[in-house]
Amino acid sequence: MRNVVLMLAAAGALLAQLPAPNEMGVSMGHLHLLVPEPELHKKIWREVLGAKVVSYGTLETLVLPDVVLAFRKGAPSGGTDDSSVNHLGFLTRDLEETKARLVAAGCQINKEMPATRQAFIMFPDKVKVEFSEDKTIPHPIMHHHIHFQSHQEDAMREWYAHHFGAKPRMRGRFKAADLPGVNLSWNPSETPMAPTRGRAVDHIGFEIKGIEAFCARLEAAGVKFDRPVTSLPALGLKVAFFTDPWGTYVELTEGLRK
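The opening position of the sequence shown corresponds to residue 42 in the working numbering, with each subsequent residue numbered one higher.
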């Protein structure tokens, strides 16, 4: 019985790793990958980066501090490069160890920046992930940022600030905005980027407190939903999908944070 209690307590702690929402009810939720071999990706995130398995009904996900990772089997039309989500960003306490373990698992080093203790790693299916070293973080690996690329970075940042309550700031040389559990950052582009839907990082997700009212506000502001709020009792979730004006496919959820 004691072991069962400990297991349940551990699962609860993992589910609680999504941060509390901001004043508009928004926090980081999940990242959803569309890849030919989900188990290959899961193995890397689980065995190399320490993600833990958490299930919502029949949906198996992986959890790291501040983010849930979900995977669906399919043939992506491309990787993260050239799409509106250029790369994903995580913090690590030990960059050298993380790089070595990822390379041993079959990932490739895309770019290294020793002066700033950062490296870009190309995961299978051209999923680009940035790791930045921060020895002060409370966990070995933590979610940090989603890095967009847009020909309208100012307008895109203002859109997420207005509709999601993201707090604009500069992150080094990058225009950025903060939400609980994630920094949104932007690279400028001369031309529009490809939409994310159907690519290896198919969509990004935000956890919403009060999803019906939140989606009603977005609809009133002109947002067209690809899928309106839908209750999924078997998963214990409510979900909705839309595509932002720059081609980023976005899922809103309520229920990832138990």
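Even for Gly, the Cβ is constructed at its ideal location relative to N, Cα and C. Only a predicted model underlies this, so the values are computations on that prediction, with no experimental measurement involved.
Following the DSSP letters along the chain, one finds E231 in no beta strand (DSSP E), marked with neither H nor E. For D243, the enclosing beta strand (DSSP E) stretches over residues 242 to 249.
A distance below 6 Å between beta-carbons, with the five flanking residues on each side excluded, links P236 to the following residues of its chain, in chain order: G288.
In chain order, A160 place their CB closer than 8 Å to the CB of M154, counting only its own chain and leaving out the 5 sequence neighbours on each side. If you draw a straight line from the Cα of D135 to the Cα of I178, it is about 10 Å long. Between P79 and F131, the C-beta spacing is not below 8 Å. Per DSSP, reduced to three states, the secondary structure at K176 is coil, with no helix or strand assignment. The beta strand (DSSP E) runs of length 3 or more contained entirely in the segment 81 to 140 are, from start to end of the chain, 93 to 97, 100 to 105, 108 to 114, 126 to 133. By the Cβ neighbour-count rule, K152 is exposed, with fewer than 16 other Cβ atoms within 10 Å of its own.
Comparing alpha-carbon positions, the option among E88, P165, V67, G70 lying closest to P77 turns out to be P165. By the CB criterion at 8 Å, N127 and Q193 fall outside the cutoff. A direct Cα-to-Cα measurement between G119 and G91 gives close to 26 Å. Your pair V223 and H186 checks out as a contact, with CB atoms roughly 6 Å apart and the cut at 8 Å. When H244, T284, G251 are compared, the shortest CA-CA separation from V109 is found for H244. Around the CB of R198, 16 or more other CB atoms lie within 10 Å, so the residue is classed as buried. Per DSSP, the continuous beta strand (DSSP E) segment holding E292 begins and ends at 290 to 295. A Cβ-Cβ contact shorter than 8 Å links F172 with T139. E260 sits in a helix when the DSSP states are folded into three classes. Contact between the segment 266 to 280 and the segment 227 to 235 is not established, with fewer than three Cβ pairs separated by less than 8 Å. When only Cα atoms are considered, A281 and E101 end up about 19 Å apart.
A direct Cα-Cα distance of roughly 19 Å separates I162 from K176. Under the three-state reduction of DSSP, R212 is assigned to strand.
Here DSSP, grouped into helix, strand and coil, assigns D285 to coil. Nearest to V291 by alpha-carbon distance, out of D267, R298, V104, L278, is D267. For M197, there is no enclosing beta strand (DSSP E); the residue is part of the alpha helix (DSSP H) that begins and ends at 194 to 205.
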